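Chemist: One structure, pasted below without further comment.
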Amino acid sequence: MVSVCVSFTLCVVYLGNLMAASCSSRFLKGNELQGSKLFFKGELPSESVATQFGSIVLECEVGGSPPPTIHWLKDGVRLLQDGSHSDDEASYEDSVSSGSRRGLRLSSTRSRLYLDCVGEEDEGVYTCVAENAMLRKSQSTRLRVGEPARIYMWTVSRLEFENSKVQLFCRAEGNPEPTITWYDRDNKPIESDENYRITKSGDLIIRDITWLENMGGYTCVADNGFGTDTAQTFLYPVSTN
């Protein structure tokens, strides 16, 4: 089954405007440059993790003077954001600053990047870029998208003669590749030895089966950190007498 999802990116910026900062920078004096500030409040994690088809919000906050603005990059390319009110904000910033005594202009700005219905194509390095009229700083996080482990084929039941070798299927998919663990009829994990072997594909091979030692239910568990899936199988050895 193919899932069709629509993904969009949204950034919310509360204070400041990039256009206003760019236009006013040419009129700055030396003492204003010396008093400029720009600093992040907290850090983005070095790695962010999202589940496939899920949602994630990346957030950063910055303080500074003059008031800073924020935009986002993905793998070095700027993400489109709504700038429909840029001219009005620039005019307002200029009108407040001119014809009046110099304001404090110390401001805090927060930005959220919303990623919905994420897929492998959304993996990459996301960078929060903060800047004001004089300074520019950035911090980044690498987004990793995982697909939950899912068992897609397994043995439901197996009837076999005693003293035979049987192979019980357990095939799983996911990103990263799932780890397969088998549990015996007493719910104890099975480790490979002279009687049991777990293949690279996740199947369980049992040698020289007997009704007394091996008859019963077995459980296959697939896990990859993003999700867990289980499957049950029943083995019934049959006497040759």
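Numbering (mature numbering (1 follows the signal peptide of the UniProt record, and there is no 0)), first residue to last: -20 to -1, 1 to 221.
Note that CB positions come from ideal geometry on N, CA and C, so glycine has one too.
The structure displayed is predicted, hence computed values, not measured ones.
Determine the extent of the beta strand (DSSP E) in which residue 155 is found, giving its start and end residues.
Modeler: Numbered from its first residue, the sequence shown carries residue 155 at position 175. Unbroken beta strand (DSSP E) run through residue 155: 150 to 155.
Chemist: Pull up the distance between the alpha-carbon of residue 52 and that of residue 200, whole angstroms please.
Modeler: Within the sequence shown, numbered from 1, the residue matching residue 52 stands at position 72. Within the sequence shown, numbered from 1, the residue matching residue 200 stands at position 220. Answer to the nearest angstrom: the Cα atoms are 43 Å apart.
Chemist: Under 6 Å Cβ to Cβ from residue 204, same chain only, skipping five residues before and after it: list those, please.
Modeler: Taking the first residue of the sequence shown as position 1, residue 204 is located at position 224. Taken in chain order, the residues that qualify are 129, 154, 156 and 158.
Chemist: When the distance is taken between beta carbons, is residue 118 closer than 8 Å to residue 105?
Modeler: Numbered from its first residue, the sequence shown carries residue 105 at position 125. Numbered from its first residue, the sequence shown carries residue 118 at position 138. Cβ distance not < 8 Å, so residue 105 and residue 118 don't count as in contact.
Chemist: Counting along the chain, where does the beta strand (DSSP E) carrying residue 193 start and finish?
Modeler: In the sequence shown, residue 193 corresponds to position 213, counting from 1. Element bounds for residue 193: not the beta strand (DSSP E) but the alpha helix (DSSP H), 191 to 194.
Chemist: Can you tell which of 38, 179 and 58 has its C-alpha closest to the C-alpha of residue 92?
Modeler: Your numbering for residue 92 matches position 112 in the sequence shown. Of the candidates 38, 179 and 58, the one whose C-alpha sits nearest the C-alpha of residue 92 is 38.
Chemist: When you compare only the Cα positions, how much space is there between residue 135 and residue 123?
Modeler: Numbered from 1 along the sequence shown, position 155 holds the residue referred to as residue 135. Numbered from 1 along the sequence shown, position 143 holds the residue referred to as residue 123. Whole-angstrom Cα-Cα distance: 36 Å.
Chemist: Using beta-carbon positions only, say whether residue 49 and residue 103 come within less than 8 Å of one another.
Modeler: If you number the sequence shown from 1, residue 49 lands on position 69. If you number the sequence shown from 1, residue 103 lands on position 123. Going by C-beta atoms, residue 49 is not nearer than 8 Å to residue 103.
Chemist: Could you tell me if residue 116 is buried or exposed, where buried requires 16 or more neighbouring beta carbons within 10 angstroms of its beta carbon?
Modeler: Translated into positions along the sequence shown, residue 116 becomes position 136. Per the 10 Å Cβ criterion, exposed.
Chemist: Can you tell me where the beta strand (DSSP E) holding residue 90 begins and where it ends?
Modeler: Here residue 90 is taken as the residue at index 110 of the sequence shown, counted from 1. Looking at the DSSP string, the run of the beta strand (DSSP E) that includes residue 90 is 87 to 95.
Chemist: Alpha carbon to alpha carbon, how far is residue 107 from residue 17?
Modeler: On the sequence shown, position 127 is the one that residue 107 refers to. On the sequence shown, position 37 is the one that residue 17 refers to. Near 20 Å, if we compare the C-alpha coordinates of residue 17 and residue 107.
Chemist: Identify whether residue 171 lies in helix, strand or coil by the three-state DSSP scheme.
Modeler: Residue numbering aside, residue 171 sits at position 191 when the sequence shown is read from its first letter. It is coil, neither helix nor strand.
Chemist: Any Cβ of chain D within less than 8 Å of the Cβ of residue 26?
Modeler: Considering every chain present, this structure includes no chain D. It has just one protein chain.
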